[in-house]
Structure formats: structure tokens, C-alpha cells
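Counted from 1, the sequence shown has number 557 at position 154 by our numbering; the numbering is strictly sequential.
By construction, the Cβ of each residue, glycine as well, lies at the ideal position given by its N, Cα and C atoms.
Written below as C-alpha cells is the structure these notes are about.
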Amino acid sequence: MADNFEIATDLATTSDHAIVCAHLRWDEGEGVKVSRKITGWDIDGLKSEEEKENYKKANKYCEDKSSKRPVLDEESSRGDLQEEAEWIQQNFANHLNRWCKKVRVCVRSKRWWNEEIAENRRILGRLKRARRRGEATQQQVRKQQSNIRRIIRQSKTKMWQEFLSAATTDQVWQALRYTKPGGQQTTKALKSRDGGVAESWEDKAELIIEEAFPKPLKGVERKAQEEGG
Numbered sequence: 404m405a406d407n408f409e410i411a412t413d414l415a416t417t418s419d420h421a422i423v424c425a426h427l428r429w430d431e432g433e434g435v436k437v438s439r440k441i442t443g444w445d446i447d448g449l450k451s452e453e454e455k456e457n458y459k460k461a462n463k464y465c466e467d468k469s470s471k472r473p474v475l476d477e478e479s480s481r482g483d484l485q486e487e488a489e490w491i492q493q494n495f496a497n498h499l500n501r502w503c504k505k506v507r508v509c510v511r512s513k514r515w516w517n518e519e520i521a522e523n524r525r526i527l528g529r530l531k532r533a534r535r536r537g538e539a540t541q542q543q544v545r546k547q548q549s550n551i552r553r554i555i556r557q558s559k560t561k562m563w564q565e566f567l568s569a570a571t572t573d574q575v576w577q578a579l580r581y582t583k584p585g586g587q588q589t590t591k592a593l594k595s596r597d598g599g600v601a602e603s604w605e606d607k608a609e610l611i612i613e614e615a616f617p618k619p620l621k622g623v624e625r626k627a628q629e630e631g632g
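Here you go:
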């Protein structure tokens, strides 16, 4: 339950409102209800050296089950296709449940996430609570936030380098597609009426504005003002 409500005078806002802080307290016997729904399987773990024998057994089990299924062709009906799709879906899940370790995928299910990051996040949480009690400064909180960002960058860089060192040819080309810019470079260079070429985003925007809102010819604006006046 929430208690110890207080107004955070050290946190500025862009309006005349104030930030109200509170402390969350969990009574004995209460806890955070965590979903136990299985949302994934540790397939990489099954392919590890420690699980080599189970990996072979899983492959053989899958081949034996699949070899007994009828082969679909152009003469198969819609019902045959639907039945086969349902069989694959059901047996694929059963196969993974039998041979793979079940995992719950969440926002922290990242390859670069490690215990060091988790521990520093816990330290940051304690510092934030201490700041609200007046026992820590905002500078200490920002320093810890900067430290977490540095650790995450280091972990991401390490995982990326390990991926590239062990990647196959297809995975390398896939990684190249990840690093290439997306839709930012899809617009071709624009050519103005006087022959000029706009290649950068700034030049393109300026050229589009000039074409959409052309400046009036000399004397036209003054004549229009005189006739209207």
C-alpha cells in the first residue's frame, strides 16, 4: 500500500502543478503478482554444448513425428491445409515444452542484460528513494543514471562484437541491413527551376517551401495593396 505522501519541491515542472511522491509498502504475505505465462523457450540453451545429447534427441523426435504426416500438394483441400496447420502449431509447442527450458519474455529479456546492470538499477532505485527522504542529492541520482547508461553501452558493444565474430555469412548480411539507415535516405535529390540541386534535408525543405509558397513578383504586391487600399 502507499503511504508517506509528500510534495517534491526539488523537482521542477512546466506548469503550476507540483509532483506528489509516495512510498509503496508491501505487507507480509503480499507480493507483486508476476505472470507465470510461458511466452518463449530457451532454444539457444538447447543448442549449447551441455545440452548436445538432448538436442540430438529433440531433432530425431521431430523428424520421426513429421515423417508420419501426409505431404500436401496442389490437390490438397482447404480442410487438409487447416488440419496440417493446427497439427504443426500444437506439436511445435509440445515439442518445445518437452525439450526446451521455458522462459518468460519481458522488457529485460535482452542478450546484453546482465547482473551488473540489474544491480546498478537497484542502486539507482535506492538512491531515488533516499533523495525523496532528503538523504541523497539529485546529483548522486544523475551520476548513477549516467553510470547505468555507460554500463549498458559497454554490454551492447560486447554482445554486438561477439555476434559478429561468430556470425555466419547470412547473419553478417542480415546485420548489415540492421545497421543501414531506413527510410531517411529514400528521397532522391530535388532539382529547382533554376537548375539547382537540393540533396540535404534542409535544402529539400527550403526548396519545397519556395515552390509551395512562391514570393510575389516585384511591384505586384504593392499594386495589389494600392488597389485594395
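Per DSSP, reduced to three states, the secondary structure at Leu475 is coil, with no helix or strand assignment. Bounds of any beta strand (DSSP E) do not take in Trp516, whose DSSP letter is neither H nor E. Membership of Asp445 in the beta strand (DSSP E) is indicated by the continuous run Gly443 to Asp445. Look at Ala578 here: in three-state DSSP terms it is helix. Boundaries for Lys618: no beta strand (DSSP E) harbours it, and the DSSP string shows neither H nor E there.
Taken in chain order, no unbroken stretch of beta strand (DSSP E) lies wholly in the stretch 532 to 560 with a span of 3 residues or more. Cβ-Cβ separation between Ala592 and Glu602: approximately 5 Å, consistent with a contact (criterion under 8 Å). Residue pairing for Lys505: DSSP places it in a beta bridge opposite Trp444.
In this structure, Ile491 is the residue among Lys463, Gln548 and Ile491 with its C-alpha nearest to the C-alpha of Val474. Rounded to the nearest whole angstrom, the CA to CA distance from Gly528 to Gly443 is 29 Å. With contacts defined as CB atoms closer than 8 Å, Trp502 and Ala461 qualify as a contacting pair. Separation of the CB atoms of Gln493 and Asn523 is rounded to 43 Å, and the pair is thereby denied contact status at 8 Å. The C-beta of Arg534 has 16 or more other C-beta atoms within 10 Å across all chains shown, which makes the residue buried. The C-alpha of Val575 is placed about 10 Å away from the C-alpha of Tyr581. Residue range Lys455 to Ser470 is occupied by the alpha helix (DSSP H) that includes Ser469. Around the Cβ of Leu579, a 10 Å sphere holds fewer than 16 other Cβ atoms; the residue is exposed. Between Lys504 and Arg536, the alpha-carbon positions lie close to 43 Å from each other.
Setting aside the 5 residues that flank it on each side, Asp483 is surrounded in the same chain by Pro473 and Leu475, each with a C-beta closer than 8 Å to its C-beta; the list follows chain order. Secondary structure of Lys607 (DSSP, three-state): helix. In this structure Val600 touches Lys594 by the C-beta definition: roughly 6 Å separates them, less than 8 Å. Check the Cα spacing between Ala496 and each of Gln541, Ile554, Lys471 and Asp445: the tightest is with Asp445.
One alpha carbon belongs to Gly448, the other to Ile612, and they sit about 56 Å apart.
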